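Protein chains: 2
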Amino acid sequence: MNVSVLFSGGKDSSLSAILLDQFFDVELVTCSFSVLPIGDIAKKAAEELGFPHRVLKLDNEILENAFNIIVKDGFPKNAIDHIHHKAVETLASDDGVVAIADGIRRDDRVPLLTNPQVHSIEDRYGVHYICPLRGYGRAAVNALVKQYLVIEEGQSDEIIKADYETELREVIRQRIGQDGIDKIFPSHVQSRVIGRVN
Amino acid sequence: MNVSVLFSGGKDSSLSAILLDQFFDVELVTCSFSVLPIGDIAKKAAEELGFPHRVLKLDNEILENAFNIIVKDGFPKNAIDHIHHKAVETLASDDGVVAIADGIRRDDRVPLLTNPQVHSIEDRYGVHYICPLRGYGRAAVNALVKQYLVIEEGQSDEIIKADYETELREVIRQRIGQDGIDKIFPSHVQSRVIGRVN
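Shown next as structure tokens:
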């Protein structure tokens with residue numbers, strides 16, 4: 026079975042692809058609004074991992090809605106959840122996509138689909154939605170990452186990743202300025218995959 | 026890393042072991058109160074799968090508590106959850122056990138550990154608790170089972186499995202009779218693994 030793994034170039038989506046590799050034909054898919062060249066960044070990481078990769082252009086209305094949500098809320102969760110939900114739906118509507126996976130871990134809070142959202146997507150589009158790391162805690166993920174991946178880590182404003190946050194931050198920077206980013210996004214450690222251990 | 030997979034001989038715990046196989050050294054562990062020879066049933070299935078297997082004797086006080094819970098409740102969920110929680114704790118306290126896995130799927134309701142129970146076990150015993158199928162829906166599990174396992178299916182009173190329910194049903198049969206079982210347990214389809222597709 027083919028599976029399309031939503032891919033940010035980070036350790037969680039990379040490890041998810043590796044866990045699926047033996048049982049599925051894996052392609053990596055990076056969603057982008059074309060605000061920044063995050064597709065190129067992800068493509069490089071995908072090449073290091075040895076998986077086929079493509080960029081899925083998302084409708085800019087999704088980004089506009091996410092911008093309105095995050096400005097109203099003052100925190101990122103609902104905006105990121107919105108982009109993720111629409112990204113999964115967009116990918117699910119692609120011809121030939123039968124299974125979609127992402128890198129969400131057991132203790133993740135953002136982004137999350139609710140169970141009703143998951144069942145609705147699976148039923149409407151006839152796809153499987155799979156989270157290979159959903160039953161793994163942070164320590165178990167880190168142990169596997171150490172064994173199978175080479176990563177670099179840094180604060181979220183230093184590491185350019187191909188995730189939803191990157192382009193949303195850029196839009197906020199353009200329209201509100203760096204102050205807006207500092208107010209809305211908590212600083213947190215990001216990882217980027219730079220190699221695979223075979 | 027070693028992982029001890031709680032093993033009932035059913036399709037979910039078998040598939041979990043197969044998903045982990047490439048990344049961990051897998052042993053299968055069947056918990057038993059020695060009420061029925063379920064360890065032997067599981068051993069046969071484990072041999073078909075090609076994994077090392079052992080039986081873990083659980084304290085009979087756990088079964089007594091589960092019996093009291095199920096008689097008081099009139100339905101199985103809390104009693105099965107109790108046995109599962111104590112089984113994971115017993116296994117976690119074994120010397121040399123560093124990771125424990127089970128076959129719980131995304132949409133399973135029984136048995137379940139709560140997130141606080143999981144974090145408490147991981148912290149107290151220094152183990153990883155992993156549910157490889159937690160991010161898979163029923164249809165995705167069935168597709169993988171079809172590809173990798175040979176199973177037989179039947180109603181829960183026809184298929185003898187090596188799960189918590191089997192010995193709890195037997196105790197109820199001995200003490201209350203078949204009527205007790207029919208009242209407490211909803212009839213449901215069980216699976217038993219009889220082979221592996223390589």
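Order-wise, the sequence lines are chains C and W. When we follow our numbering, the leftmost residue of the first sequence carries the number 26, and every step to the right adds one. When we follow our numbering, the leftmost residue of the second sequence carries the number 26, and every step to the right adds one. For glycine and all other residues, C-beta sits at the position ideal for the given N, C-alpha and C. Here the structure is a predicted model, which is why all the values come from computation and not from measurement.
Counted as a single uninterrupted DSSP element, the stretch harbouring H213 of chain W is not any beta strand (DSSP E), since DSSP gives it neither H nor E. Our two residues, V96 of chain W and Q215 of chain W, have alpha carbons roughly 23 Å apart in a direct line. Note: I155 of chain C is bridge-paired with C:A126 in the DSSP secondary-structure output.
CA-CA distance, Y154 of chain C to A164 of chain W, rounds to 10 Å. Taking C-alpha positions only, D132 of chain W is separated from I209 of chain W by approximately 22 Å. At a cut-off of 7 Å between C-beta atoms, C156 of chain W counts as an interface residue with respect to chain C.
Within the model, the alpha-carbon separation for G151 of chain C versus I201 of chain W is close to 46 Å. Counting C-beta pairs closer than 8 Å gives three or more between the stretch 136-146 of chain C and the stretch 104-114 of chain C, which meets the contact rule. Burial check for D127 of chain W: the Cβ neighbour count within 10 Å reaches 16 or more, so the residue is buried. In the structure shown, S33 of chain W falls within a coil segment according to DSSP collapsed to helix, strand and coil.
Residues are counted here when their Cβ sits less than 9 Å from a Cβ of chain C; for the stretch 135-155 of chain W these are N140, V143, H144, E147, H153, Y154 and I155, given in chain order.
Going by C-alpha positions, S59 of chain C is about 23 Å away from D207 of chain C. Only residues of its own chain outside the window of five on either side were considered, and among them T55, S57 and G64 have a CB closer than 6 Å to the CB of V80 of chain W, listed in chain order. Spatial neighbours of E72 of chain C in its own chain (CB-CB distance under 8 Å, excluding positions within 5 residues in sequence) are listed in chain order as H78. By the beta-carbon neighbour count (other beta carbons within 10 angstroms, threshold 16), G34 of chain C is buried. Using a CB distance cut-off of 7 Å, Q47 of chain C counts as an interface residue toward chain W. Counting C-beta atoms within 10 angstroms of its own C-beta, R134 of chain C has fewer than 16 neighbours from the protein chains shown and is therefore classed as exposed. In this structure, A91 of chain C lies near H107 of chain C, with their beta-carbon atoms less than 7 Å apart. Assigned with DSSP and collapsed to three states, R79 of chain W falls in strand. Separation of P157 of chain W and L45 of chain W (C-alpha to C-alpha, rounded to the nearest whole angstrom) is 7 Å. The closest CA to that of A124 of chain W, considering only C:D204, C:T191, C:K186 and C:G162, is found on C:G162.
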